[in-house]
Amino acid sequence: MIRAVIYKSATGSCERYARVMSRMLAIPAYPADRCPLPKGIEVVYVGWIMAGRVSGLDKALKNYKVCGVVQVGMSPPGAAMGETCRKNHSLASDIPVFTLQGGFDMSKLSAPLRLIMKKINRGIVARLEAKDALSDAEKATLEMARNGKGEPATWDGVLEVVDWAVALTEPPKVIKWREP
Ligand SMILES: Cc1cc2nc3c(=O)[nH]c(=O)nc-3n(C[C@H](O)[C@H](O)[C@H](O)COP(=O)(O)O)c2cc1C
Numbered sequence: 000m001i002r003a004v005i006y007k008s009a010t011g012s013c014e015r016y017a018r019v020m021s022r023m024l025a026i027p028a029y030p031a032d033r034c035p036l037p038k039g040i041e042v043v044y045v046g047w048i049m050a051g052r053v054s055g056l057d058k059a060l061k062n063y064k065v066c067g068v069v070q071v072g073m074s075p076p077g078a079a080m081g082e083t084c085r086k087n088h089s090l091a092s093d094i095p096v097f098t099l100q101g102g103f104d105m106s107k108l109s110a111p112l113r114l115i116m117k118k119i120n121r122g123i124v125a126r127l128e129a130k131d132a133l134s135d136a137e138k139a140t141l142e143m144a145r146n147g148k149g150e151p152a153t154w155d156g157v158l159e160v161v162d163w164a165v166a167l168t169e170p171p172k173v174i175k176w177r178e179p
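Note that the sequence shown covers residues 0 to 179 in numbering that gives the first Met the number 0.
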C-alpha cells in the first residue's frame with residue numbers, strides 16, 4: 000500500500016504534481032528533505048530531471064520502498080525518457096516510471112544552474128525552430144527555452160499516475176452519517 004508521496008522540487012512543478020496526487024489519493028505529500036516518515040515505507044517518488052537523472056531518486060531508493068517514479072522535465076514526455084530513468088537509476092522492472100512535462104523558471108535557479116541552462120536552452124531553441132511542425136508539448140518546451148520561463152502544455156498528465164496509484168492506496172475512511 001502506498002502511504003505517501005515524496006518529492007523534490009526546485010521551481011515548483013514537482014511540488015504541484017505531488018500535491019495533486021496527495022489530494023486525489025488522500026495520502027500525505029512530503030518534501031524529500033523534510034519527510035517525517037520511517038525508512039522503508041512505501042511511497043511514490045516525484046523528482047525533476049537534471050541532465051537525464053531524477054534528482055533525489057537514488058537517496059529515495061535507499062530510504063524507502065519506492066513503488067513508482069514520476070520524473071518531471073521541460074522536454075516533451077516520451078517513452079525513451081522512461082527507459083533512460085530506469086537505466087540510470089537501475090530501477091527494478093516492476094517499478095513503473097511516469098514522465099510528465101513540468102514548467103521552467105530561470106529566475107528561481109541558482110547562478111551556476113542558470114549558466115548551464117542558458118547554454119542548453121540555446122540548443123533547444125535551435126533544434127525546435129528547425130522543425131516543421133511542433134506538438135503542443137514541443138511548443139511549450141520552445142517557449143520555456145526562449146523566454147526562460149513557462150508552463151507545460153498540460154498539467155493533466157498526473158491523472159494517469161493517480162489512476163495507477165489509486166489501486167495501491169487504502170480507500171479513505173468515510174464515517175457514514177445517520178439520522179440521530
Ligand atoms: C540544470 C538543469 C538541468 C535540466 N535537465 C533537464 C533534462 O535533462 N531534461 C528535461 O526534460 N528537463 C531538464 N531540466 C528542466 C527541469 O527538469 C524542469 O524545469 C522541471 O519542470 C523542474 O521541476 P521543478 O519545477 O519541480 O523544479 C533541467 C533543469 C535544470 C535547471
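Note that the Cβ used here is the ideal one computed from N, Cα and C, for glycine as well. Source: prediction; values computed, not measured.
Pick helix, strand or coil for residue i, following the three-state DSSP scheme.
i, result
"Cys66", "strand"
"Ile115", "helix"
"Ile123", "helix"
With a 10 Å radius around its C-beta and 16 neighbouring C-beta atoms as the bar for buried, classify residue i as buried or exposed.
i, result
"Gly11", "exposed"
"Ser106", "exposed"
"Leu56", "buried"
"Gly156", "buried"
"Ser92", "exposed"
"Val4", "buried"
"Lys7", "buried"
"Ser180", "As shown, the chain starts at 0 and ends at 179. That puts residue 180 outside it, with no answer to give."
Going by DSSP, which residues form a beta bridge with residue i?
i, result
"Leu99", "Val71"
"Leu30", "With the sequence shown as reference, residue 30 is identified as Pro, and Leu is not the correct amino acid for it. Paired residue(s): Tyr6."
"Met49", "Arg52"
How about residue i: is its Cβ closer than 8 angstroms to a heavy atom in ligand 3?
i, result
"Asp155", "Looking for ligand 3 in the displayed structure turns up nothing; the ligands present are ligand 1."
Got a sec, what are the start and stop residues for the alpha helix (DSSP H) residue i sits in?
i, result
"Trp163", "Val157 to Val165"
"Val19", "Ser12 to Leu24"
"Glu137", "Asp135 to Asn146"
"Met80", "Ala78 to Asn87"
Against chain D, does residue i count as a neighbour if the rule is that its beta carbon must be under 9 angstroms from one of theirs?
i, result
"Leu114", "The structure shown contains no chain D, having only a single protein chain."
Cβ pair count under 8 angstroms reaching 3, the segment 70-83 against the segment 30-49
yes
Given 8 angstroms, three or more beta-carbon pairs between the segment 145-164 and the segment 94-104:
yes
With a threshold of 8 angstroms, are at least 3 pairs of Cβ atoms found where one atom belongs to the segment 121-128 and the other to the segment 139-148?
yes
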